[in-house]
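Novice: If you scroll down you'll find the structure; I have some questions about it.
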Amino acid sequence: TMDEVWEAMKREHGVKPLRKPMPKLEAKKSPLKTKNRPDKSTPVDPEPTSIVRPTCVAASHVDFDSSETALTPLCASASLVTTPGDLITKSQRDLNSLSDEQQGIRKRAMESLQASLAGVDTVTLHAVFPTFAKPLFKRFNDPVEKVRDSSVRLSIRFVAGYPDLLPILPYLMPAIANRIGSTWDYDEKLNIFVQDTVLLAAHNRGRLFVPEADVQRIKPREPSEEVRLLFVELLQTLLATMFDQNASSLLNAYVYDIIRVLVYGLHDSFPSVVIKTCETLVLLSLNLVSVVKHFAVALVRATKHLLEHRLAKVRVAAMLCIRTLVMVPNVDKCKGAGTEAIMDLVAHQDDSVIPVAAFYTAEIKVNLFAKLDQDGNVLVRQTFFDTITIWLLQLPDRYDYESRLMPYLLSAVADDCPSISSNAIDTIDILGKRHAAEHPDEVIERTQYAVDGGLFCNFTKPYPAPFSPTRVHASRLLVCLLVYCEDTITVDLHLIVPHLIQCWDDVVIRTSLGQVADCCGRFTQPASYISLFLPYIRGDTPSLKIVPAMQVLHAMLGGMSGVNRTNLLAQLPQLTEALTMRFLLNSTSVQPALNELVHGIVCHLQGLSSHSTWIAITSAG
Numbered sequence: 001t002m003d004e005v006w007e008a009m010k011r012e013h014g015v016k017p018l019r020k021p022m023p024k025l026e027a028k029k030s031p032l033k034t035k036n037r038p039d040k041s042t043p044v045d046p047e048p049t050s051i052v053r054p055t056c057v058a059a060s061h062v063d064f065d066s067s068e069t070a071l072t073p074l075c076a077s078a079s080l081v082t083t084p085g086d087l088i089t090k091s092q093r094d095l096n097s098l099s100d101e102q103q104g105i106r107k108r109a110m111e112s113l114q115a116s117l118a119g120v121d122t123v124t125l126h127a128v129f130p131t132f133a134k135p136l137f138k139r140f141n142d143p144v145e146k147v148r149d150s151s152v153r154l155s156i157r158f159v160a161g162y163p164d165l166l167p168i169l170p171y172l173m174p175a176i177a178n179r180i181g182s183t184w185d186y187d188e189k190l191n192i193f194v195q196d197t198v199l200l201a202a203h204n205r206g207r208l209f210v211p212e213a214d215v216q217r218i219k220p221r222e223p224s225e226e227v228r229l230l231f232v233e234l235l236q237t238l239l240a241t242m243f244d245q246n247a248s249s250l251l252n253a254y255v256y257d258i259i260r261v262l263v264y265g266l267h268d269s270f271p272s273v274v275i276k277t278c279e280t281l282v283l284l285s286l287n288l289v290s291v292v293k294h295f296a297v298a299l300v301r302a303t304k305h306l307l308e309h310r311l312a313k314v315r316v317a318a319m320l321c322i323r324t325l326v327m328v329p330n331v332d333k334c335k336g337a338g339t340e341a342i343m344d345l346v347a348h349q350d351d352s353v354i355p356v357a358a359f360y361t362a363e364i365k366v367n368l369f370a371k372l373d374q375d376g377n378v379l380v381r382q383t384f385f386d387t388i389t390i391w392l393l394q395l396p397d398r399y400d401y402e403s404r405l406m407p408y409l410l411s412a413v414a415d416d417c418p419s420i421s422s423n424a425i426d427t428i429d430i431l432g433k434r435h436a437a438e439h440p441d442e443v444i445e446r447t448q449y450a451v452d453g454g455l456f457c458n459f460t461k462p463y464p465a466p467f468s469p470t471r472v473h474a475s476r477l478l479v480c481l482l483v484y485c486e487d488t489i490t491v492d493l494h495l496i497v498p499h500l501i502q503c504w505d506d507v508v509i510r511t512s513l514g515q516v517a518d519c520c521g522r523f524t525q526p527a528s529y530i531s532l533f534l535p536y537i538r539g540d541t542p543s544l545k546i547v548p549a550m551q552v553l554h555a556m557l558g559g560m561s562g563v564n565r566t567n568l569l570a571q572l573p574q575l576t577e578a579l580t581m582r583f584l585l586n587s588t589s590v591q592p593a594l595n596e597l598v599h600g601i602v603c604h605l606q607g608l609s610s611h612s613t614w615i616a617i618t619s620a621g
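This is how it looks when you write it as structure tokens:
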């Protein structure tokens, strides 16, 4: 009817009815302040009933000389809005003003809403949320940053713990996705996320690898870093509320948009946004397994660039996120949904496989785990080694990747941090016991007869101390391998000895190479390696390495146990023949190393039968 239309027009154009006068306050009269009080007969300025400012009105009537009555009007004003209906009535004008064309009016209306909802309890907030939802969601695209900030903050308060989000989701998710404007799309063929359709077409045609540094940066639709962080917090609050209520099935229609927004957050320039995005991905992976398992590999590949971030806290958050994504269970295949991405993290490339992109551009792969293994931050290394430990112990398909991950666990054994080293040793102990329990037939002989190694192994000499994370990392890892392999390294001496001689003059790693040589002499017999040194001592190799060969041999003999002296005596004829060559005796540059080696041999042979020693020397001429 016309009456209803007329009433609606009056409400829309804000007819301002007179406010009811405030009740009189029983306060002490102060003669000094009587002249400043307004006359009781003065009419109150008309204001709309939807806007109540009891604090200001009450303050004009308060006698500040009385401590008893100073708080009475404030408490009375706070109790004016007690029901959801009163709150809606009070805020209706501000909600209408949010659609005003003037930025100042929208900003003041948002500030008024924040003040009105500041002390409202959660139950009342949930009761009025359907009325506030649409006006707040529309302000996500407001040109005023303060309005966007306040609207997202209020939305977070409303969404937290809200019992029935089904009617809200069709309005909330499009508003978030539209404001973030994620340009990332999923390529099912390559199992990656690409930023735009042009790159997607390039990948589909030639599978070209485009470095991220060469991709043109697109200015974010939301310029404020703080507001972008609030949007991710809103999304995290929404997911947490849905999962707490076991209502994750309601997200099936919006999960792809959620993932696209999170991938956009992984590439944000603001570190706090990246960290919050990683936390949200962890929450999503733990509670929405049926969906995330299809995107796990692509999400790991989208996150791995954060492992090289300049901030340690970002690297830690990225490592925790990758750990969870890799372990998302894929029950149908009895594996971790993201384990395929481990090969990308360790930069593995099959020898018989050549990527198509290698025919067009230079393909460079970086071993990100090698960088984390030598990270300067202890917390980053701790998180990384914990991830390796969890994968080796809990992954369903851990045996497929054990050979790729075990070297990093051995590196953790020699880490400077005592807790990291201790945990790594405990993990190796657990893995060894599990392997023995699962493969009893393979280890029964070793377990019964060779648990302590050969009798010739020198176990009395203390093991070398761990090295600092510098260029000696390869030597440190080699020492760990030698310690665990013991006398089985005999079959690899023909590879170890030439590399030791070749790198012996490197001053930076000279100490660590000496420890490697000492371990080789500790766990092997002289008959296994003396023949490998003879060509170097005689000068029969393409490059003359006579002095380094003598020094390496002296270091290896230094790790020898007393049981091996008889074995050394058996090798003395051919060794003496090589050491007594005339060009060696006449060379002044070789004589110091030669004297040191001969003195070491004599010291090792002391105490043996003089008759057997004389026979060996006589036979050598």
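Counting in the UniProt record's numbering, the sequence shown runs from 1 upward without gaps.
Think of the CB as a built atom: it goes at the ideal place given N, C-alpha and C, for glycine as much as any other residue.
Predicted model only: the values in this text are computed from it and were never measured.
#1: By how many angstroms is the C-alpha of Met-110 removed from the C-alpha of Arg-404?
#2: Out of curiosity, what's the CA-to-CA distance linking Val-602 and Leu-513?
#3: Return yes when the Cβ of Phe-369 is within less than 9 angstroms of the Cβ of Leu-299, no when it is not.
#4: What number of angstroms, rounded off, separates the C-alpha of Val-380 from the C-alpha of Asp-196?
#5: How big is the Cα-Cα spacing for Val-443 and Ala-436?
#6: In the structure shown, what three-state DSSP assignment does Lys-293 receive?
#7: Quick one: is Met-581 buried, meaning 16 or more other Cβ sit within 10 Å of its Cβ, or exposed?
#8: Return helix, strand or coil for Lys-304, following the three-state DSSP convention.
#9: If we count the other Cβ atoms within 10 Å of its Cβ and call it buried at 16 or more, is Val-508 buried or exposed?
#10: Determine which residues share a DSSP beta bridge with Val-194 and list them.
#11: Along the alpha helix (DSSP H) that carries Ile-322, what are the first and last residues, could you check?
#12: Is it buried or exposed for Gln-606, if we count other Cβ within 10 angstroms and need 16 for buried?
#13: If you follow the alpha helix (DSSP H) that Arg-148 is part of, which residue opens it and which one closes it?
#14: Quick check: what's the CA-CA separation for Met-556 versus Leu-410?
#15: Under 8 angstroms: do the stretch 519 to 533 and the stretch 423 to 436 share three or more Cβ pairs, one atom per stretch?
#16: So, under 8 angstroms CB-CB, Ile-275 and Leu-234 are touching, yes? Tell me the CB distance rounded to an integer number of Å.
#17: Checking 9 angstroms against the spacing of the C-beta atoms, do Val-147 and Lys-90 come in under that value?
#18: Over what stretch of residues does the alpha helix (DSSP H) that includes Gly-558 continue unbroken?
#19: Looking at the secondary structure, which residues open and close the alpha helix (DSSP H) in which Ala-414 lies?
#20: Could you check if Ser-290 is buried or exposed, using at least 16 other CB atoms within 10 Å of its CB as the buried criterion?
#21: What is the rounded straight-line gap between the Cα of Ser-150 and the Cα of Phe-137?
#22: To the nearest angstrom, how far is the alpha carbon of residue 622 from that of Ser-272?
#23: So for Val-52, helix, strand or coil by DSSP?
#24: Are the beta-carbon atoms belonging to Cys-321 and Val-297 less than 9 angstroms from one another?
#25: If I measure Cβ to Cβ from Thr-383 and keep anything under 6 angstroms in the same chain, skipping five residues before and after, which residues do I get?
#26: Say whether the stretch 346 to 356 touches the stretch 321 to 335, bearing in mind that this needs 3 or more beta-carbon pairs closer than 8 angstroms, one atom from each stretch.
#27: Which residue from Pro-84, Glu-222, Pro-167 and Ala-240 puts its Cα closest to that of Ile-156?
#28: If you draw a straight line from the alpha carbon of Phe-231 to that of Leu-169, how long is it in whole angstroms?
#29: To the nearest angstrom, how far is the alpha carbon of residue 652 from that of Thr-324?
#30: Can you give me the start and stop residues for the alpha helix (DSSP H) that Lys-219 sits inside?
#31: Just to confirm, are Leu-113 and Leu-172 a CB contact at a threshold of 9 angstroms?
#32: Who are the Cβ neighbours of Thr-237 in its own chain at under 8 angstroms, not counting the five residues just before and after it?
#33: Sort Pro-462, Ile-258 and Leu-568 by Cα distance to Val-292 and report the nearest one.
#34: According to DSSP, is Gly-336 part of a helix, a strand, or is it coil?
#35: Please say whether Leu-584 and Leu-568 have beta carbons closer to each other than 9 angstroms?
#36: Restricting to Cα atoms, I'd like to know which of Phe-385, Leu-395 and Glu-308 is closest to Gly-336.
Specialist: In short:
#1: 56 angstroms
#2: 24 angstroms
#3: no
#4: 32 angstroms
#5: 6 angstroms
#6: Lys-293 falls in the coil class under three-state DSSP.
#7: exposed
#8: helix
#9: exposed
#10: Under DSSP, Val-194 takes part in a beta bridge, and its partners are Asp-185.
#11: Residue range 312 to 326 is occupied by the alpha helix (DSSP H) that includes Ile-322.
#12: exposed
#13: Its alpha helix (DSSP H) spans residues 145 to 159.
#14: 23 angstroms
#15: no
#16: Ile-275 to Leu-234, Cβ: 16 angstroms. No contact.
#17: Their beta carbons are not under 9 angstroms apart, which means Val-147 does not touch Lys-90 by this criterion.
#18: Looking at the DSSP string, the run of the alpha helix (DSSP H) that includes Gly-558 is 546 to 558.
#19: That residue, Ala-414, is in no alpha helix (DSSP H); it is neither H nor E in DSSP.
#20: Looking at its Cβ environment, which holds fewer than 16 other Cβ atoms inside 10 Å, Ser-290 is exposed.
#21: 11 angstroms
#22: An answer regarding residue 622 cannot be provided, because it is not within the stretch 1 to 621 covered by the chain.
#23: Only weak support exists for where Val-52 lies, its pLDDT of 41 falling under 50; the coordinates are left without a value.
#24: no
#25: If we look at Thr-383 and ignore the five residues flanking it on each side, its Cβ neighbours are Val-316 and Met-319.
#26: Contact between the stretch 346 to 356 and the stretch 321 to 335 is absent, because fewer than three Cβ pairs lie under 8 angstroms.
#27: Ala-240
#28: 15 angstroms
#29: With the chain covering only 1 through 621, there is no way to say anything about residue 652.
#30: Segment: none, Lys-219 is in no alpha helix (DSSP H) and carries neither H nor E.
#31: no
#32: Ile-156, Val-159 and Ala-160
#33: Ile-258
#34: strand
#35: No, these two residues do not count as a Cβ contact at 9 angstroms.
#36: Ranking the options by Cα distance to Gly-336, first place goes to Leu-395.
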